[in-house]
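Below is one structure, written out as structure tokens; comments come after it.
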Amino acid sequence: SQTIHQWPATLVQPVGSPLSLECTVEGTSNPNLYWYRQAAGRGLQLLFYSVGIGQISSEVPQNLSASRPQDRQFILSSKKLLLSDSGFYLCAWSSGTGYNEKLFFGSGTQLSVL
Amino acid sequence: GQNIDQPTEMTATEGAIVQINCTYQTSGFNGLFWYQQHAGEAPTFLSYNVLDGLEEKGRFSSFLSRSKGYSYLLLKELQMKDSASYLCAVLYSSASKIIFGSGTRLSIRP
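This is the structure:
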């Protein structure tokens, strides 16, 4: 069966520090991968998505970047965090077939930038 | 643009029925998801509609009209545990992009 791992669950970082959030998927190959951010009480904002190794699409210009060094690994990074980067970060994957689709989420990372 | 619109908040009574609407821009549309999310947790999958019509899964049903760019989630026999946010999301096939609406916060009163 397929599983998605995302860590850490919570993170407190000072302004100006770097960030690296990692997400890995098991039990499937060539998944579509997604990073979302959710501010408190708000909806999910699509940050990045990837349909293959090294292929990254950015949705919103911001202080973040993403990489996909391996088929089932998706990394979200920042060189210098801003206060506005605080939020609930969710990694997700889908099969990408377009039929009988389902988006599977990791358990999320609550990031607080102080 | 790919605006997805749904009401911000709704309130309903335990045991009743509630319908949560979602409208979206139809260009590039491939399918529509509904997710449930409790505070502090990841969203959980409810449904994915590709074809027009109503799909029923127990107390929850989802409807889609592709030509009108419209969907709704119908919750029957409401329970207190149904208090949550309900998220509408659209898969745009041209780029495998999945965009979420802002979510509808549903409160159930006894």
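Taken in order, these protein sequences are the chains called A and B.
Residues 27 to 140 in our numbering are what the first sequence lists, from first letter to last.
Residues 2 to 111 in our numbering are what the second sequence lists, from first letter to last.
Quick reminder that beta carbons are idealized off the backbone N, C-alpha and C, glycines included.
Supposed contact pair residue j and residue i - C-beta distance, whole angstroms, cut 8 Å
| i | j | result |
| --- | --- | --- |
| B:V51 | B:G32 | 4 Å |
| A:Q64 | A:F114 | 4 Å |
| A:G132 | A:C49 | 6 Å |
| A:L116 | A:Q39 | Going by Cβ atoms, the distance from A:L116 to A:Q39 rounds to 18 Å, so no, they are not a contact pair. |
| A:K128 | B:F46 | 5 Å |
| B:F30 | A:L70 | Not really, about 18 Å apart at Cβ, beyond 8 Å. |
| A:F130 | A:Q28 | 7 Å |
Per-residue contacts from residue i into chain B (C-beta, under 7 Å)
| i | result |
| --- | --- |
| A:A127 | Residue identity differs from the one stated: residue 127 of chain A is Glu in this sequence, not Ala. Simply G32, Y49 and L92. |
| A:G69 | L88, F101, G102, S103 and G104 |
| A:F131 | A43 and P44 |
Span separating the alpha-carbon of residue i from that of residue j
| i | j | result |
| --- | --- | --- |
| B:K69 | A:V77 | 29 Å |
| A:S2 | A:Y62 | Because chain A spans 27 through 140 in this model, residue 2 of chain A falls outside it and cannot be assessed. |
| A:I79 | A:P95 | 6 Å |
| A:I82 | B:Q3 | 19 Å |
| A:P57 | B:E10 | 34 Å |
| B:L92 | B:F34 | 8 Å |
| B:C89 | B:Q26 | 13 Å |
| B:S94 | B:R110 | 39 Å |
| B:R67 | A:S46 | 39 Å |
| B:L107 | B:A13 | 7 Å |
| B:T105 | B:Y87 | 5 Å |
| B:K58 | A:L140 | 44 Å |
| A:P34 | B:S48 | 28 Å |
| A:S104 | A:L37 | 14 Å |
| A:A92 | A:I30 | 17 Å |
| A:Q88 | B:E42 | 25 Å |
| A:L220 | B:Q37 | In the structure displayed, chain A extends from 27 to 140; residue 220 of chain A sits before or after that span and is not available. |
| B:E56 | B:L79 | 18 Å |
Within chain A, partners of residue i - CB distance below 7 Å
| i | result |
| --- | --- |
| B:S97 | N58, Y75, V77 and G122 |
Residue nearest to residue i in terms of C-alpha spacing, selected from the options
| i | options | result |
| --- | --- | --- |
| A:R98 | A:G53, A:L129, A:F74 and A:L116 | A:G53 |
| B:M81 | B:Q7, B:P8, B:A17 and B:S103 | B:A17 |
| B:P44 | B:I109, B:S103, B:R110 and B:P111 | B:S103 |
| A:F41 | A:Y125, A:E127, A:N126 and A:D111 | A small fix is needed here, since residue 41 of chain A is Val in this sequence, not Phe. Nearest C-alpha to A:V41: A:D111. |
| A:S138 | A:S43, A:I30, A:S27 and A:T29 | A:S43 |
| A:Y60 | B:I99, B:P111, B:R110 and B:I109 | B:I99 |
| B:D53 | B:S84, B:E10 and B:S63 | B:S63 |
| B:Q7 | B:T14, B:A13, B:T24 and B:E15 | B:T24 |
| B:H39 | B:S84, B:F101 and B:L65 | B:S84 |
| A:F74 | A:I30, A:Y125 and A:L90 | A:L90 |
| B:N22 | B:E56, B:Y71 and B:G41 | B:Y71 |
| B:I5 | A:L72, A:I101 and A:Q28 | A:L72 |
Contact set between residue i and chain B, taken where Cβ atoms lie within less than 8 Å
| i | result |
| --- | --- |
| A:L37 | Correct list: empty, because the minimum Cβ distance to chain B is about 15 Å. |
| A:G53 | Going along chain B, no residue has its Cβ under 8 Å from A:G53, so there is no contact; the nearest lies around 17 Å. |
Cross-chain neighbours of residue i in chain B, by beta carbon under 9 Å
| i | result |
| --- | --- |
| A:L72 | K98, I99, I100 and F101 |
| A:L116 | A43 and P44 |
| A:G80 | Result: empty, since nearest Cβ-Cβ is about 15 Å, beyond 9 Å. |
| A:G141 | Here chain A covers residues 27 to 140 and nothing more, so residue 141 of chain A does not appear. |
Worksheet item: Should the segment 107–123 of chain A be regarded as contacting the segment 71–82 of chain B, the criterion being three or more beta carbon pairs within less than 8 Å?
Response: By the Cβ criterion, the segment 107–123 of chain A is not in contact with the segment 71–82 of chain B, since fewer than three pairs of Cβ atoms, one from each stretch, lie closer than 8 Å.
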